[in-house]
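K.L.:
Heads up, the numbering used here is the position in the sequence shown plus 30, with the first residue counted as 1.
Quick reminder that beta carbons are idealized off the backbone N, C-alpha and C, glycines included.
Please read these numbers as outputs of a predicted model, since none were measured by experiment.
Mind looking over this structure? Questions follow.
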Amino acid sequence: MFSALLTAALAATAHAQADIPLSQPLQNILSHAQQGPLYTYPTDLTQGIVPKPFHSHNDYWRPIPFYSALSVGALSVEADVWLYNGTLHIGHEQGALTNERTFDHLYIQPILSVVNGGVKSHQSNKNPNSSFLTAPTRNGVYDTSGGQTLYLFVDVKTDGPTTFPYVVKALQPLRSAGYLTTYNGTAVTPGSVTVIGTGNTPLNQVQGVGNATHPRDYFFDGPIPTLGTTFSNITADVSPIASTDFVVQFGNVRNETFNATQMSLLESQVATAHAEGIMVRYWDQPGWPVTTRNAIWRILWDAGVDPLNVDDLQGAADYWQGDTF
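And the structure:
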């Protein structure tokens, strides 16, 4: 449990400070408290983790996909999927695919285990079965913000029209449990998880689908540069978040500022998207030097960019919490 680890870490830190030593009895209380029901919080898996508006880019590269992002509070994760023999495999390129690393194993089941109160192996999930409830809850993955959805970007790498129906099918465990954000042809109903197809996801398999009888529970990653022209008919009902390549739009930024032309383009694109209720994300930002990376994060955030695209999860989490952000 994250809370148990935090308790141990705090106890160890306090004990290491010679001016405020902890007594042995107090150390015993801290180290054994969560072995009983009094000090075990039922939904403490993400206790104390503050959700942060950044996107775990290429999340499957993390030491533990999904869970690494969860541990620092990322609101969005990304899975690249490849269809082979009816199975969706996870990886950045074909040479990295394995039989074991599938979309279901690395994302669907772990996410379900966190939010689903029916999974007995996780007693600290977000929607536990409880005699105190009059109706089932539909909380998200973060204990500090139960209403916050997790954005699950599914980057389709193989042929879109062929692959995407398998993505829709793979969502069935989350769909059956009622945890997906849906669109019924009129309005969007927020859920614990919001699925957004990107990459080769076919727009025609997303746009216009969804009615009261069969609500649509997946969305589309719109193209930021053309939201005001070619794709001006796309709304937040279809595309809650739109994305584009940072370098293609702004060039290779080698300093810590935007010039007037770059700033004008950024502000225009953000304004166009936000006017439709669409959030924006830029990927392929500079990752080094760190001072440039951090400065770009700040410029994008101040301009209203919604989920910041992040490759260094811990760096983003620490910077977010620092006084300089």
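Could you check whether Val268 and Phe250 sit closer than 8 Å to each other, using their CB atoms as the reference points?
P.N.:
For the pair Phe250 and Val268, the CB atoms are nearer than the 8 Å cut-off.
K.L.:
Where Gly229 and Val145 are concerned, what is the direct C-alpha to C-alpha distance, given to the nearest angstrom?
P.N.:
27 Å
K.L.:
Please confirm whether Leu343 and Ala104 have their CB atoms less than 8 Å apart.
P.N.:
Yes, the Cβ-Cβ distance between Leu343 and Ala104 is below 8 Å.
K.L.:
So, at 6 Å on beta carbons, what are the nonlocal neighbours of Ala346 in its own chain, with the 5 sequence-adjacent residues on each side left out?
P.N.:
Phe84 and Val340
K.L.:
According to DSSP, Asn339 sits in a beta bridge with which residue or residues?
P.N.:
His85
K.L.:
Are the beta-carbon atoms of Asp89 and Pro81 separated by less than 8 Å?
P.N.:
Their beta carbons are not under 8 Å apart, which means Asp89 does not touch Pro81 by this criterion.
K.L.:
Does the segment 210-217 come close enough to the segment 183-197 that 3 or more CB-CB pairs lie under 8 Å?
P.N.:
Result no; under three Cβ-Cβ pairs closer than 8 Å.
K.L.:
Per DSSP, what are the beta-bridge partners of Phe183 in this structure?
P.N.:
Glu108 and Ile226
K.L.:
Quick one: grab the DSSP three-state call for Thr371.
P.N.:
With the chain running from 31 to 355 in the structure shown, residue 371 is simply not present.
K.L.:
For the alpha helix (DSSP H) that His62 lies in, which residues bound it at each end?
P.N.:
Gln54 to His62
K.L.:
Based on the DSSP output, what are the partners of Trp331 in its beta bridges?
P.N.:
None; Trp331 has no bridge partner.
K.L.:
State the DSSP-derived secondary structure class of Phe194, mapped to helix, strand or coil.
P.N.:
Phe194 falls in the helix class under three-state DSSP.
K.L.:
Let me confirm a value: Lys199 is counted as buried when at least 16 other C-beta atoms fall within 10 Å, else exposed. Which label applies?
P.N.:
exposed
K.L.:
Taking the CB atoms as reference points, tell me whether Ser222 and Asn169 lie closer together than 8 Å.
P.N.:
yes
K.L.:
If Ile326 sits next to Val283, beta carbons under 8 Å apart, how far is it from one beta carbon to the other, in whole angstroms?
P.N.:
About 6 Å separates the beta carbons of Ile326 and Val283, which is inside the 8 Å limit, making them a contact pair.
K.L.:
How many Å lie between His244 and Phe162 at the Cα?
P.N.:
If you draw a straight line from the Cα of His244 to the Cα of Phe162, it is about 32 Å long.
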